[in-house]
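Following the working numbering, the numbering of the sequence shown begins with 49 at its first residue and continues without gaps.
Glycine residues also receive a C-beta, built at the ideal position from the N, C-alpha and C atoms.
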Amino acid sequence: MSCTETLPDLDMFTQEEISVAADLLDSVAAMSADSSGVSRPAWSRKETEVLDHLTARAEAEGLAVWSDAVDNRVFSLPEDQGKPDYTLIGSHVDSVPVGGNFDGLAGVIAGLICLIHQRRKGTGFSRPVRVIAMRGEESAWFGPCYTASRALTGGLGADALAAKHKSDGRTLADHMADVGVDLGPVRAGTPLMDLTEIREYLELHIEQGPLLLGDDRAAAVVTGIRGNIRLKDIVARGEAGHSGAVPREYRRDPVMATAQLLSAMDALWADEVSEGTDLVMTTGMIGTDPTHHAMARIPESVSFSFEVRSQSPETLSRVEETFRDKVRAISDRTGVAFDLPDPIRNAPAALDEDVQRGLLDAMEHAGQKRYAMPSGGGHDAAVFANAGVRAGMVFVRSRGGSHNPAESMAPADMMAGASIFLAHITAND
Ligand SMILES: [Zn+2]
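Right under this line is the structure:
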């Protein structure tokens with residue numbers, strides 16, 4: 049990790065605009081503060097309050113603001129409202145529970161500050177630009193992710209709409225109806241916006257990984273977005289017993305069987321990575337039943353999650369197949385049964401090469417060295433890309449990980465990313 053961090057050159061924006069952006073970040077953090085960090089639940093009243101707050105600030109700057117079919121907020125210069133062939137800059141305003149302030153929000157504010165800059169300058173854009181602040185991107189609340197962008201592009205299916213909220217048990221459809229969404233067209237799977245009118249979709253996001261910090265860069269252009277296959281509630285079922293009295297050959301221990309499965313997958317991962325395959329895998333949740341478990345008891349069951357991510361759809365399928373083979377083999381050998389849920393699948397997204405080139409040129413124009421990297425996390429940009437919209441992304445340096453209160457980002461780094469967008473959307477002016 050670098051100690052001598054180079055701050056970006058922010059000549060494109062005025063000091064006042066940089067303060068407006070920092071103030072927007074702070075004010076949204078204050079209105080969504082939790083016991084630590086922030087909580088902005090997907091499709092909640094808090095999320096609406098944040099959108100209303102951004103709306104008020106944008107209107108005070110003289111921007112046009114309107115709600116789309118799922119009550120996301122859309123912003124533009126007044127003269128660009130309703131014009132087709134626009135660049136769409138967007139990200140999400142929801143957060144995970146007790147999360148960080150910058151995941152999602154930074155992308156919305158970076159877009160807004162480009163509009164505010166151009167509005168204050170009074171010159172307009174030669175090609176229309178819209179900024180979209182979206183709801184419901186995080187999977188933490190209902191299970192499915194990217195729910196607003198999937199609804200907009202006609203890809204929010206019945207399974208996702210029936211997914212239940214982690215706390216109140218009501219469905220995603222119920223929560224969407226609460227904020228006034230007409231679910232008929234969403235259920236019909238018709239796109240809720242004319243995707244052919246979007247010239248390109250751009251998203252700025254914090255990196256959520258260590259590469260930019262390690263390389264002392266403020267920002268990067270993203271080359272592609274990993275897809276994933278997720279099995280959330282796998283249950284391995286064996287037989288309970290006394291830890292001292294049952295010899296090995298009599299046991300059906302689900303924890304040991306799960307350990308075999310995970311270490312076999314870890315060995316496969318190491319092999320794949322040594323051959324240059326893009327692959328990560330994680331078991332983020334694992335546990336025996338706390339109402340029954342004890343130090344001296346062989347547990348009857350263990351629940352765990354398994355997630356694989358890769359930029360390659362073939363790799364995702366191959367690893368899933370191997371996972372299922374190993375489950376069968378270990379189950380036969382140990383007598384432990386594995387209940388596998390239906391996986392949630394999110395396809396990898398190729399970001400548009402022309403847009404990438406344009407953003408790299410803009411990076412240079414904004415006084416930054418060209419730098420590109422893939423995205424490990426999934427983003428709304430993947431949904432637009434997979435719906436046929438030319439999409440591009442910029443990452444900005446972040447620290448403290450992500451999806452937790454320690455997540456942090458220097459506003460100057462966000463402005464470095466915004467400079468790339470501003471240089472890109474004004475390239476022909
Ligand atoms: Zn995000």
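{"Asked": "Rounded distance between the beta-carbons of A188 and V144, thought under 8 angstroms", "Found": "4 angstroms"}
{"Asked": "Three-pair Cβ contact test at 8 angstroms for the segment 86-101 versus the segment 147-154", "Found": "yes"}
{"Asked": "Contact shell at 5 angstroms, judged by CB to any heavy atom of ligand 1, ordered along the chain", "Found": "D151 and G152"}
{"Asked": "Span separating the alpha-carbon of E348 from that of I273", "Found": "39 angstroms"}
{"Asked": "Through-space distance from L99 to M463, alpha-carbon basis", "Found": "21 angstroms"}
{"Asked": "H461 vs R445 beta-carbon contact at 7 angstroms", "Found": "The identity of residue 461 in the sequence shown is Asp, whereas the question assumes His. Contact: yes."}
{"Asked": "Close beta carbons around G228, own chain, < 8 angstroms, minus the five adjacent residues each side", "Found": "D119"}
{"Asked": "Expected contact under 8 angstroms - CB spacing of G172 and L125 to nearest Å", "Found": "6 angstroms"}
{"Asked": "Spatially closest choice to Y134 from G155, T330, Y249 and G237, by CA coordinates", "Found": "Y249"}
{"Asked": "Touching by the beta-carbon criterion (3+ pairs, under 8 angstroms), the segment 150-163 and the segment 242-257", "Found": "yes"}
{"Asked": "Same chain only: Cβ atoms within 7 angstroms of S174, ignoring 5 sequence neighbours per side", "Found": "N476 and D477"}
{"Asked": "Same chain, Cβ closer than 6 angstroms to G202, neighbours up to 5 away in sequence not counted", "Found": "G237, T238 and P239"}
{"Asked": "Unbroken alpha helix (DSSP H) run spanning E455, endpoints", "Found": "Note, E455: premise wrong, no alpha helix (DSSP H); not H, not E."}
{"Asked": "Start and end residues, alpha helix (DSSP H) containing S75", "Found": "Q63 to M79"}
{"Asked": "K280 - DSSP class collapsed to helix/strand/coil", "Found": "strand"}
{"Asked": "W317 to E369 span [Cα, whole Å]", "Found": "14 angstroms"}
{"Asked": "Closest by C-alpha distance to F432, when choosing among G110, G138 and P132", "Found": "G138"}
{"Asked": "Residue range of the beta strand (DSSP E) that includes H140", "Found": "Y134 to H140"}
{"Asked": "Y194 CB to nearest heavy atom of ligand 2 below 6 angstroms", "Found": "Annotation note on ligand 2: not contained in the displayed structure, which lists ligand 1 as its ligands."}
{"Asked": "Through-space distance from E107 to V113, alpha-carbon basis", "Found": "7 angstroms"}
{"Asked": "Length of the line joining the Cα atoms of V303 and S291", "Found": "13 angstroms"}
{"Asked": "Collapsed DSSP secondary structure at T336 in the structure displayed", "Found": "strand"}
{"Asked": "Cβ-based neighbour list, R167, same chain, cut-off 8 angstroms, excluding 5 preceding and 5 following", "Found": "E109, G110, L111 and L125"}
{"Asked": "Bridge partner(s) assigned by DSSP for K212", "Found": "T219"}
{"Asked": "Residues near V283 by beta carbon distance below 7 angstroms, same chain, minus five either side", "Found": "S349, S351 and D387"}
{"Asked": "The segment 423-432 / the segment 402-409 touching (three or more Cβ pairs under 8 angstroms)", "Found": "no"}
{"Asked": "V356 to C193 span [Cα, whole Å]", "Found": "15 angstroms"}
{"Asked": "Residues near H427 by beta carbon distance below 7 angstroms, same chain, minus five either side", "Found": "E251, H253, I273 and M441"}
{"Asked": "Cβ-based burial, M457 [other Cβ within 10 Å; buried from 16]", "Found": "buried"}
{"Asked": "Same chain, Cβ closer than 6 angstroms to E483, five either side skipped, listed in chain order", "Found": "Nothing can be reported for residue 483, as the shown portion of the chain is limited to 49 through 477."}
{"Asked": "Euclidean distance between Cα positions of E186 and A196", "Found": "10 angstroms"}
{"Asked": "S67 versus S115, G130, H140 and H165, residue with shortest Cα-Cα distance", "Found": "H165"}
{"Asked": "Backbone secondary structure at W317 - three-state DSSP", "Found": "helix"}
{"Asked": "Pairwise C-alpha distance: R393 and S311", "Found": "23 angstroms"}
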